[in-house]
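Novice: The structure follows.
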Amino acid sequence: MTRLATARLFALLLPTALMAGALGSQYIGGLYPCEMCHWQRWPHYAAIVLALLAFAVASAARPLTILAGIAIIASGAIGAFHAGVEYGWWEGLTQCSSIGGSGDVLADIMSAPLVRCDEVQWQLFGISLAGWNAIISLAGGATILALCLKRAK
Numbered sequence: 001m002t003r004l005a006t007a008r009l010f011a012l013l014l015p016t017a018l019m020a021g022a023l024g025s026q027y028i029g030g031l032y033p034c035e036m037c038h039w040q041r042w043p044h045y046a047a048i049v050l051a052l053l054a055f056a057v058a059s060a061a062r063p064l065t066i067l068a069g070i071a072i073i074a075s076g077a078i079g080a081f082h083a084g085v086e087y088g089w090w091e092g093l094t095q096c097s098s099i100g101g102s103g104d105v106l107a108d109i110m111s112a113p114l115v116r117c118d119e120v121q122w123q124l125f126g127i128s129l130a131g132w133n134a135i136i137s138l139a140g141g142a143t144i145l146a147l148c149l150k151r152a153k
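First residue of the sequence shown: 1, per the UniProt record's numbering; consecutive thereafter.
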């Protein structure tokens, strides 16, 4: 498998796995996302689309895979910022997010969980979900870019 093929596959699998984890923790585990959690998801969605396009349009596989890697790094950067807010390293946003959708707006608002961006909902080894996203996305995106940009010998 060539470096580009490896990078392209990784650019598809990494954000797909991270989004599966995020959505699974939300819909199965009951961890509702805050506003900044949602911000981290958008670049992963973009990376998935870009990686799929890289498979579909062989002539543009390298630039599309590079863009997917950059999108993954963007999610990691947002995750790093969010983790810093959670750990109190810097000031963050005070917005909260909620879920809803029953059609009764007032009932949705009243029953929706209040999720703050500056509170850690879950952690592993002292690292929050935002922190894990930062670590995995920054390392993964850098790996994708290195595979795409490294010249064959």
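Note that CB positions come from ideal geometry on N, CA and C, so glycine has one too.
(1) Evaluate contact between the region 34-41 and the region 50-64, counting only Cβ atoms and requiring at least three cross-stretch pairs below 8 Å.
(2) Could you pull the start and end residues of the alpha helix (DSSP H) that residue 144 belongs to?
(3) Counting along the chain, where does the alpha helix (DSSP H) carrying residue 2 start and finish?
(4) Which residues in the same chain have their Cβ closer than 7 Å to the Cβ of residue 145, if we skip the five residues on either side of it in sequence?
(5) Using the beta-carbon count (16 or more within 10 Å), is residue 59 buried or exposed?
(6) From the DSSP output, in three-state form, read off residue 26 for me.
Specialist: The relevant details are as follows:
(1) Judged by Cβ distances under 8 Å, the region 34-41 makes no contact with the region 50-64, as fewer than three pairs qualify.
(2) Sequence index remark: in the sequence shown, residue 144 carries index 144 (1-based). Its alpha helix (DSSP H) spans residues 129-149.
(3) Your numbering for residue 2 matches position 2 in the sequence shown. Note, residue 2: premise wrong, no alpha helix (DSSP H); not H, not E.
(4) Within the sequence shown, residue 145 is the residue found at index 145, counting from 1. Only 66 and 69 meet the Cβ criterion.
(5) Counting from 1 along the sequence shown, the entry for residue 59 is found at position 59. That one is exposed.
(6) Your numbering for residue 26 matches position 26 in the sequence shown. In the structure shown, residue 26 falls within a helical segment according to DSSP collapsed to helix, strand and coil.
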